DNA sequence: GTGTTAGCCTAGATCCCCTAGGTTGGGAGG
DNA sequence: CCTCCCAACCTAGGGGATCTAGGCTAACAC
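Chains as they are written, first to last, in my numbering: chain A, 5 to 192; chain B, 5 to 192.
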């Protein structure tokens, strides 16, 4: 009887792929075990419980997205940087819906501290530096940008835009235009 | 043996309350039956299945929010209308987190058509009329506003803002200011 | 009073999560 | 090469959720 060679890392990567295929809500320990040809009880030597699995997928996704966003941002500034960052965000959400959904939930304090609040906000602040907003306005702008990026991708993923003929990509481009204009004319 | 007097309407209202208390993810047919002192199998004469229950809660929430938003909008225009609508949206989400979460999921085509895409977008367009945007810019602005409102409330509910000392209400007010400015200086 | 129907029941199949405890493969050390 | 040991994987089983099939009865219609 050959062993499956499970490790937490392999499990989490497979879980993330599974979530992208069947949806984050349908990510179960049983299904993951099935994918490895193993009994579900066997996974509990590598994972504390199902919630632990979900959190690890969330951490993986946050790290992947941060890497992508950092690459997209490299060597860019101003509107270029804004658009590159926003597109990296939205593209990742479209390519990896399960991973993206994982990022939204959970967020136990420690995890949120290590992952989300970290690089994500820093990169947004790096973009905003070009627009020279004083505090606390920069913080407000960070929140506005995050809200808009997340809201747009979430509504798009939920199918909220497909009832109107207007092309979604065009609306997205116009939204980024508008945000750039807004940051340039930020109300004092 | 007295009957519990169940009806789909009573069940859905109770389910919405239950979702607000324990979270939409923890809304189960079993828990709902328990609340009525009844066996879970008994609910399946009133509901097709668990998904049906969730969808009905979503429809209820969409209708309630539309009513509130319509009241808030009555007799207002311009920035007043924008702020009133946005606050109605965010306040509802904070008061009824379970109902709000229900609104996001599901969205089978028919349901989305009857509820969400309906009054919600119409009200947003009513607000935007004061800013006199040509098509397709008005559609893009509708999507931008929806995205920002939803994104902000979702991130706030998930605790995404509590890692920074800046007051969330202040950021929200500033965000609405900024959106008003943006709509007044919409890039052509 | 008799029928009909709707409201609620029990029983049971299936799936998921998770624990406790047993077995075995494969590498480390003699 | 042999032994020991640990990590990897197993079986068994409890608890909870979803949902179906089929039975009983309260309440209303006639």
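We put the beta carbon where it would ideally sit given N, CA and C, even for glycine.
Computed from a prediction, not measured in an experiment: that's the story for all the values here.
If you run the structure through DSSP and keep just helix, strand and coil, what is residue i?
{"i": "residue 1 (chain B)", "result": "There is no way to answer for residue 1 (chain B), as the model of chain B reaches only from 5 to 192."}
{"i": "residue 168 (chain B)", "result": "coil"}
{"i": "residue 150 (chain B)", "result": "helix"}
{"i": "residue 62 (chain A)", "result": "helix"}
{"i": "residue 43 (chain B)", "result": "coil"}
{"i": "residue 12 (chain B)", "result": "helix"}
{"i": "residue 5 (chain B)", "result": "For residue 5 (chain B), the pLDDT reaches just 49, beneath the cut-off of 50, and the residue's location in the model is therefore unreliable, although a value from the coordinates is still provided. Note: residue 5 (chain B) maps to coil in three-state DSSP."}
{"i": "residue 52 (chain B)", "result": "coil"}
{"i": "residue 175 (chain B)", "result": "helix"}
{"i": "residue 18 (chain A)", "result": "helix"}
{"i": "residue 27 (chain A)", "result": "coil"}
{"i": "residue 163 (chain B)", "result": "coil"}
So, is the C-beta of residue i closer than 9 Å to a C-beta in chain A?
{"i": "residue 26 (chain B)", "result": "no"}
{"i": "residue 109 (chain B)", "result": "yes"}
{"i": "residue 147 (chain B)", "result": "yes"}
{"i": "residue 178 (chain B)", "result": "yes"}
{"i": "residue 125 (chain B)", "result": "yes"}
{"i": "residue 21 (chain B)", "result": "no"}
{"i": "residue 182 (chain B)", "result": "yes"}
{"i": "residue 159 (chain B)", "result": "yes"}
{"i": "residue 144 (chain B)", "result": "yes"}
{"i": "residue 89 (chain B)", "result": "no"}
Can you find a CB in chain B that lies within less than 9 Å of the CB of residue i?
{"i": "residue 140 (chain A)", "result": "yes"}
{"i": "residue 102 (chain A)", "result": "no"}
{"i": "residue 133 (chain A)", "result": "no"}
{"i": "residue 75 (chain A)", "result": "no"}
**Study point:** Length at least 3, wholly inside the segment 67–139 of chain A: the beta strand (DSSP E) runs in chain order
**Key:** Counting only runs of 3+ residues, no beta strand (DSSP E) is found wholly inside the segment 67–139 of chain A.
**Study point:** Three-pair Cβ contact test at 8 Å for the segment 84–103 of chain B versus the segment 36–51 of chain B
**Key:** By the C-beta criterion, the segment 84–103 of chain B is judged not to be in contact with the segment 36–51 of chain B, since fewer than 3 inter-stretch pairs fall below 8 Å.
Point to revise | Any 3 or more C-beta pairs closer than 8 Å across the segment 22–40 of chain A and the segment 94–108 of chain A | key: Touching, per the Cβ criterion.
Exercise for review: Please confirm if the segment 145–165 of chain A is in contact with the segment 139–154 of chain B, defined as three or more CB-CB distances below 8 Å between the two stretches.
Suggested key: Below 8 Å, enough C-beta pairs join the segment 145–165 of chain A and the segment 139–154 of chain B to call them touching: three or more.
Review point. Should the segment 128–142 of chain A be called in touch with the segment 135–146 of chain B, which here means at least 3 C-beta pairs below 8 Å?
Key: No: fewer than three Cβ pairs fall under 8 Å.
Check your understanding: For the segment 60–73 of chain B against the segment 162–182 of chain A, are there 3 or more C-beta pairs whose distance is under 8 Å?
Key -> Taking 8 Å as the limit for Cβ pairs, the verdict is that the segment 162–182 of chain A does not touch the segment 60–73 of chain B.
Check your understanding: Would you call the segment 6–19 of chain A and the segment 91–98 of chain A touching, i.e. three or more CB-CB distances under 8 Å?
Key -> The segment 6–19 of chain A vs the segment 91–98 of chain A: no contact.
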